[in-house]
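Peer 1:
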Amino acid sequence: MKNKSKYNPVEILLILMLLLYPLIFTRLYSNISNTKYITFMLFAITIYYAYIMKLAFKNIEVNKSFKPSIKKAWLNFSLVDYAMLLFLLANFVSVLLSDYKIETFTGSCSKNMGLIYNVALVMIYFAIRGGCSISKGIFYALGSSYIIMILFSTVQFMGFDLFGFIAKLTSTDTINYLSLLGNTNVYSSYLCLVSPVFMVGAVLSKKQGNRIFCYILSTFGFIGLFTANSDSGYIGYFTAFILILFIATRYKERLIRYLYLCLLYLISTSIFFIIHSTFKSQARPLSDITRIMCYGSITKILILVFVLLIFILHKINFNENAIKITRRVIRILLGVFIVSAVFIVIYLNIIDHNASLGKLDVYLKFSDSWGTDRGYVWKWSINIFKDGNLLQKIFGYGPGTCGIELLLNYGDIMKYDLGYYFTNSHNEYLEILINIGILGLASYIVAIVLTVVKNFKRKNSLKLCFSIAIIAYCMQSFFIIMQPIVNPLVFIFLGLANAKSASDKYFDI
6 MKNKSKYNPV
16 EILLILMLLL
26 YPLIFTRLYS
36 NISNTKYITF
46 MLFAITIYYA
56 YIMKLAFKNI
66 EVNKSFKPSI
76 KKAWLNFSLV
86 DYAMLLFLLA
96 NFVSVLLSDY
106 KIETFTGSCS
116 KNMGLIYNVA
126 LVMIYFAIRG
136 GCSISKGIFY
146 ALGSSYIIMI
156 LFSTVQFMGF
166 DLFGFIAKLT
176 STDTINYLSL
186 LGNTNVYSSY
196 LCLVSPVFMV
206 GAVLSKKQGN
216 RIFCYILSTF
226 GFIGLFTANS
236 DSGYIGYFTA
246 FILILFIATR
256 YKERLIRYLY
266 LCLLYLISTS
276 IFFIIHSTFK
286 SQARPLSDIT
296 RIMCYGSITK
306 ILILVFVLLI
316 FILHKINFNE
326 NAIKITRRVI
336 RILLGVFIVS
346 AVFIVIYLNI
356 IDHNASLGKL
366 DVYLKFSDSW
376 GTDRGYVWKW
386 SINIFKDGNL
396 LQKIFGYGPG
406 TCGIELLLNY
416 GDIMKYDLGY
426 YFTNSHNEYL
436 EILINIGILG
446 LASYIVAIVL
456 TVVKNFKRKN
466 SLKLCFSIAI
476 IAYCMQSFFI
486 IMQPIVNPLV
496 FIFLGLANAK
506 SASDKYFDI
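Just so we're aligned, residue 6 is where the sequence shown starts under our numbering, counting upward by one.
1. So, for Arg332: in the same chain, excluding its five sequence neighbours on each side, which residues have a beta-carbon less than 6 Å away from its beta-carbon?
2. For Tyr12, which three-state DSSP category applies?
3. Whole-angstrom Cβ separation of Ala61 and Pro14, contact assumed at under 8 Å?
4. Enumerate in chain order the residues of its own chain whose CB-to-CB distance from Gly187 is below 8 Å, with the five nearest sequence positions on each side excluded.
5. Using three-state DSSP, classify Asn432 as helix, strand or coil.
6. Which same chain residues end up closer than 6 Å to His431 when comparing Cβ atoms and leaving out the 5 residues on each side of it in sequence?
7. Does the distance from the CB of Arg262 to the CB of Arg336 come in under 8 Å?
8. Gly403: buried (16+ other C-beta within 10 angstroms of its C-beta) or exposed?
9. Could you check whether Ala88 and Ser448 sit closer than 8 Å to each other, using their CB atoms as the reference points?
10. Do you know how far the Cα of Leu266 is from the Cα of Lys320?
11. Are the segment 131-148 and the segment 414-424 touching by the rule of at least three beta carbon pairs closer than 8 Å?
12. Hey, could you find the ends of the alpha helix (DSSP H) Leu156 is sitting in?
13. Pop quiz: Phe484 and Ser237 are said to be a contact at Cβ under 8 Å. What is the actual Cβ separation, rounded to whole angstroms?
14. For Tyr105, which of helix, strand or coil comes out of DSSP?
15. Can you name, in chain order, every residue of its own chain whose Cβ lies under 6 Å from the Cβ of Ala288, other than the five neighbours on each side?
16. From the DSSP secondary-structure annotation, give me the bridge partner or partners of Asn215.
17. Near Gly271, what residues of its chain come up, given a Cβ to Cβ distance below 7 Å and the 5 sequence neighbours on each side ignored?
18. Taking the Cβ atom as the reference point for each residue, do Asn503 and Thr456 lie within a distance shorter than 8 Å?
19. Using the Cα positions of Lys257 and Gly214, report the straight-line distance between them to the nearest angstrom.
20. Please give the ranges of any beta strand (DSSP E) in the segment 381-453, keeping only runs that are unbroken, at least 3 residues long and fully inside the region.
21. If we count Cβ pairs, one from each stretch, closer than 8 Å, do we get three or more for the segment 460-472 versus the segment 201-214?
22. Going by Cα to Cα distance, which pick from Ser99, Thr177, Ile171 is closest to Ile399?
23. Going by DSSP, which residues form a beta bridge with Asn188?
24. Counting C-beta neighbours from all protein chains within 10 Å, is the total for Phe48 16 or more, i.e. buried, or is it exposed?
25. Check the C-beta distance from Ser273 over to Thr224 and give it rounded, since I have them as a contact under 8 Å.
26. Comparing alpha-carbon positions, which option in Ala452, Ser345, Trp385, Tyr53 lies nearest Leu369?
27. Leaving out five residues before and five after Tyr26 in sequence, what residues of the same chain have Cβ atoms less than 6 Å from its Cβ?
28. Assuming Lys407 contacts Asn440 under a Cβ cut-off of 8 Å, what Cβ separation, rounded to an integer in Å, is found between them?
29. Tell me the residue span of the alpha helix (DSSP H) that contains Tyr130.
30. How would you call Leu66, buried or exposed, if buried means at least 16 neighbouring beta carbons within 10 angstroms?
31. Cα separation between Leu28 and Met154?
32. When you compare only the Cα positions, how much space is there between Asn429 and Tyr53?
33. Taking 7 Å as the limit between beta carbons, can you name the residues of its chain near Ile20, skipping five residues before and five after?
34. Mark Leu209 as exposed unless 16 or more other C-beta atoms lie within 10 angstroms of its C-beta, in which case mark it buried.
35. Mapping DSSP to helix, strand and coil, what is Gly301?
36. Report back the beta-carbon spacing between Ile437 and Cys114 to the nearest angstrom; my notes put them in contact at under 8 Å.
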């Protein structure tokens, strides 16, 4: 039997991308989106080329032919693959039907998020899904750039202007930019996508060394959340905690690890409190939620509570029946919490508009001004979709045209009533709906749902890391702008979560 090379070019290139892509910059914040776009495109083309060459050489070895079997490849596609192809089809048809063909092709009106960009996203998904395994190198590369990003952002947040990033900004823009990714919301999205990978790893890892590695990176992620100062970031992290609890209740060991993860989050609030207090005179202001988390007394009390819970769980001997009962109780409580939260939102917004929950009304009562005027742009985005013809409803107005349609239809209202302009929906799903229609949005959601359901059923720890990360990002995406910097990582994670060669035997997490 021939010895196969242990070097996988697709995997090596992916490791390089995960290590370099988040950190690379050229002219500070002035062209950060273009820099990331060019970097992504170069990596996407190179990775896809490496994948095609790998397939070709494998075909030569097996079938003595350079030409691959299209029919065989088509039959081997999964439902997620077909959903991705539908997503691609929606993009192509949308461009053909659009009134802005050049803009939709290049993405010149939407930070390069046109057809070319979306094709590259699908290309890198297929290259990673078919040509890559989840290895330690991928985890280490992802973790290394992640730690550097958070350290850089934390130093920035405390008032130190590394490399002169902040000095080039106007005083009004200063508070909105952080990290090597640009806007604070982009940084928050990055954290919501990457942090859950290590949070899940800390609970599901079978080896103590890997768990310690994941716990350390999770702690960095919690501190990163506090510097992001984004309410939507807390939604993403909260989603991750809920989903991890759901899978942690299967075994006592996992439940204890989960409690340690929660304890680390609470300890992180105290660590951040010390750091922020030290540099308070020059540090950036905290959001209301972050101030409560880090300066409030509730987290200090909860530290004692979780220490006690961990002590009790270590002392109690659980038999299989007790574990089942505990799992059912926790899941019932989670269900009651979710149903109650939904009921409260419905009650406050539909049944009784006069009811109040005090400061929570800011988050739970929807209006035009809700979420720094997101209510306006959400309503306008829905109206734009409703006003489109049948083809526009199915295929959208064209990739990257959401901003054009908003300005054409509501530009005067923005100018005279709001005093500033919205060039995106501040909701990723509404933006996709306008850009590439029902077909594009449905295929994107189906790809994600099928991926997550499949991995939860198969209980593959490696793939669950990336599946839960994607869900956390998706929850946060209801409240943020669609942007080109983090999206490539989403499609990479989708590829890894569907990688055919990924298994617990390859890398024992």
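Glycine is no exception: its CB is placed at the ideal position from the N, C-alpha and C atoms.
Peer 2: Answer, in terms of the structure:
1. Thr254
2. coil
3. 12 Å between Cβ atoms; not a contact.
4. Tyr34, Ile37, Ser38, Ile490
5. coil
6. Arg379, Val382, Ile486, listed in sequence order.
7. no
8. buried
9. yes
10. Near 19 Å, if we compare the C-alpha coordinates of Leu266 and Lys320.
11. no
12. 141-162
13. 4 Å
14. coil
15. Cβ within range, chain order: Met163, Gly164, His281.
16. According to DSSP, Asn215 bridges with nothing at all.
17. What sits at residue 271 in the sequence shown is Leu, not Gly. Closer than 7 Å at Cβ, skipping near neighbours: Thr304, Leu307, Ile308, Phe311.
18. yes
19. 19 Å
20. none
21. With three or more CB-CB distances shorter than 8 Å, the segment 460-472 counts as touching the segment 201-214.
22. Here the closest residue by C-alpha is Ser99.
23. Tyr182
24. Classification of Phe48: buried, given that the 10 Å Cβ count is 16 or more.
25. 6 Å
26. Ser345
27. Hits under 6 Å: Thr44.
28. Checking the sequence shown, residue 407 turns out to be Cys, not Lys. 6 Å between Cβ atoms; contact.
29. 120-136
30. Correcting the residue type first, residue 66 is Glu in the shown sequence and not Leu. Within 10 angstroms of the beta-carbon of Glu66 lie fewer than 16 other beta-carbons, which makes it exposed.
31. 7 Å
32. 30 Å
33. Gly142, Ile143, Ala146
34. Per the 10 Å Cβ criterion, buried.
35. coil
36. Rounded, the Cβ-Cβ distance is 16 Å, inconsistent with contact.
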